[in-house]
Structures are given as structure tokens and as C-alpha cells.
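Student: Take a look at this one; I'll ask things after.
Number of protein chains: 2
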Amino acid sequence: MTNARAFAALSDPTRRQVFERLSDGPRAVGELAYGLPVSRPAVSQHLKVLKEAGLVTDRAEGTRRVYQIDPHGLGQIRAWFDRFWDQALTAFAAEAERAEREGHDDQ
Amino acid sequence: MTNARAFAALSDPTRRQVFERLSDGPRAVGELAYGLPVSRPAVSQHLKVLKEAGLVTDRAEGTRRVYQIDPHGLGQIRAWFDRFWDQALTAFAAEAERAEREGHDDQ
DNA sequence: CCCGTGCGTTAGTCATAGCTTACCGTAAGC
DNA sequence: GCTTACGGTAAGCTATGACTAACGCACGGG
Chain A
1 MTNARAFAAL SDPTRRQVFE RLSDGPRAVG ELAYGLPVSR PAVSQHLKVL
51 KEAGLVTDRA EGTRRVYQID PHGLGQIRAW FDRFWDQALT AFAAEAERAE
101 REGHDDQ
Chain B
1001 MTNARAFAAL SDPTRRQVFE RLSDGPRAVG ELAYGLPVSR PAVSQHLKVL
1051 KEAGLVTDRA EGTRRVYQID PHGLGQIRAW FDRFWDQALT AFAAEAERAE
1101 REGHDDQ
């Protein structure tokens, strides 16, 4: 699966916090780090992971580095999730109906 | 965030494999473990995590233990994803428009 | 009543990931 | 050109988590 990296990236709470802050719009590293319980290098490392997962893009802006959410990468996860969601619900409904058809005592 | 556990649960590749197998329908532990590169106790532990995350439910069936996806828990993640998706896309569009309005040379 | 089967649990090992501190490159300001 | 912000990188520590092996428990069949 291609989005294994993306899932792993979103698994860490701190990294998710960084990512959620980016959902408001583009931010520089310092801005993201400010208010977070971790140091700036830590945020930098998180951003690197997010970038390698295809979830964010970055561009230089003077001496600062601005990060932004990459809708494409985010869309891929959403697509996977939608497929999974449908499949799971279908199976669940089928199972519920099967149990009903076989009587309430099941088995 | 309530679904932090759920995200952490889905972060592990093996655990995601187990979870994906459950999307086909209810399965016993042995069935799930069969064909996976890990031992049965490992699968058992993974299922425990998934259960505590509210992603699966289990019921006893004789001496076997049948696991099934819990649509409710899965729905919570999906809800989070949907909110996030909307917010990120909105911000991205706004940013794109802002860049356009300020001229192609930006800044 | 005993034995086999199917799972959960515990103990212990090993790898990985997140964090900090320190350092280095780079772009602007005086 | 020197200094000051800003941020990526390296090294090292620590904690957490995934896995196996060994054990214990409940159910069902003979």
C-alpha cells in the first residue's frame, strides 16, 4: 500500500497537531513550533516525515521555510478510507442480515 | 481527541492487515493469524489494541473468539477525516486565490 | 472425566521512534 | 563583511511497542 507512510505519519499525536495547524493555512516552522510542547528541531523532523509521506509541501521564503498541506497526498488517504468504509459497511450489513435470517438464536 | 487511540491502532502495518481482513466479514483469531507472518499471540495482542480503540468488537463462539469491525468506531475516524479534509481544502483554495490576487510574483 | 483445541496473558528481548542538545549552512540588516 | 534570525542535520538517550516462548484457562468431544 502506497499510503502506509501517510498512516504512520498521522499516527503520532504531536505530528498530527502540526498537521492540523497547517489545515488553517501555510505556516513557517517557527510559527508551528511556537506553543507546541516540543522543540523546534523536533517540529522540523516531524515536517520531514510529513513531507516524505506526501502530506505537505515546502517552499523557501527568504530565510524562512513555509510548509503547506498537499491536497493530493491527503486525498489518497481519504480515497483509501472511503473504499474501506464502504467495504466494511457492506460486510457488516450482510453479516447482520445473515444473523437475522438464521434466527435470533444464531448459530 | 478521542480517536487518538484509533489512529495509533491503525498505524502499525500488521495491525492494519488484520483490520483489513476483518473488512471482509467476521473472523476468528486463528483464521486471521493464518497466512500472516506473525504468531497467533501477536494477532491476539493486535486485536486487543483494536478493541480498546473501539474499532472492533468480539464475541465468544464456543471455544473460538470471533472478531468483527465496529462501524461506530470506524465512523468516528471518518468523521474526523471529513472535517479535516474540508478545512484543508478550503484553506488551500483561499491561499491559492490570495497568491493569485497578489500577483504571480507573489509576496 | 480426561484430553485436545482455541485464545488470552505474562515475561522478556530487541528494534524503532521521538526528543533534546549542539552544530552548521544560508539569507537578510546594519 | 560581520552579525543575527531561521531552520535543517547529527549524535545520543530513553521510552515505547511489536514479537516470541511459555503458561493458564475454558469449552467441547470421546
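If you read the sequences in order, they're chains A and B. According to my numbering, the first sequence holds residues 1 to 107 in order. According to my numbering, the second sequence holds residues 1001 to 1107 in order. Just so you know, even glycine gets a beta-carbon here, dropped at the ideal spot from N, CA and C. Just so we're clear, the structure is a prediction, and the values are computed from it rather than from any experiment.
(1) Decide if the region 1086 to 1101 of chain B is in contact with the region 61 to 76 of chain A; the criterion is three or more beta carbon pairs, one per stretch, under 8 Å apart.
(2) Check whether the Cβ atoms of V43(A) and L32(A) lie closer than 9 Å to each other.
(3) Output needed in chain order: residues of the region 10 to 33 of chain A with a Cβ under 9 Å from some Cβ in chain B.
(4) What are the boundary residues of the alpha helix (DSSP H) that V1038(B) is part of?
(5) Any beta carbon of chain B sitting closer than 9 Å to that of E52(A)?
(6) Where are the beta strand (DSSP E) runs, 3 residues long or more, that stay fully inside the region 36 to 101 of chain A, in chain order?
(7) Alpha carbon to alpha carbon, how far is T1014(B) from Q1045(B)? Give it in angstroms, no decimals.
(8) Find the residues of chain B that neighbour P71(A), judging by a C-beta separation of less than 7 Å, and give them in chain order.
(9) By how many angstroms is the C-alpha of V56(A) removed from the C-alpha of F19(A)?
(10) What does A1079(B) reach in chain A if we use C-beta pairs closer than 9 Å?
(11) For A1096(B) and T63(A), I'd like the C-alpha separation in whole angstroms.
(12) Contact criterion: CB-CB distance below 9 Å. Does A1008(B) meet it with respect to chain A?
(13) Can you find a CB in chain B that lies within less than 9 Å of the CB of Q68(A)?
(14) So with CB distances below 8 Å, who are the chain B contacts of E95(A)?
(15) Per DSSP, R1015(B) forms a beta bridge with which residues?
Tutor: This is what the structure holds:
(1) Taking a contact to require three or more Cβ pairs closer than 8 Å, the region 1086 to 1101 of chain B and the region 61 to 76 of chain A qualify as touching.
(2) Yes, these two residues count as a Cβ contact at 9 Å.
(3) Taking 9 Å as the upper bound on Cβ-Cβ separation, chain B lies near residues L10, S11, D12, P13, R16, F19, E20, L22, S23, D24, G25, P26 of the region 10 to 33 of chain A.
(4) Premise fails: V1038(B) is in no alpha helix (DSSP H) and is neither H nor E.
(5) Taking 9 Å as the CB threshold, E52(A) stays off the interface with chain B.
(6) Listed in chain order, they are 56 to 61, 64 to 69.
(7) Rounded to the nearest whole angstrom, the CA to CA distance from Q1045(B) to T1014(B) is 11 Å.
(8) Result: A1088, L1089, F1092.
(9) Annotation: F19(A) to V56(A) spans about 8 Å, alpha carbon to alpha carbon.
(10) Simply none; closest approach about 11 Å.
(11) Near 22 Å, if we compare the C-alpha coordinates of T63(A) and A1096(B).
(12) Yes, A1008(B) lies at the interface with chain A (some Cβ there is under 9 Å from its Cβ).
(13) For Q68(A), the nearest CB of chain B lies under 9 Å from its own CB, placing it at the interface with that chain.
(14) Simply G1025, P1026, Q1068.
(15) Answer by DSSP bridge pairing: none, since R1015(B) is not bridged.
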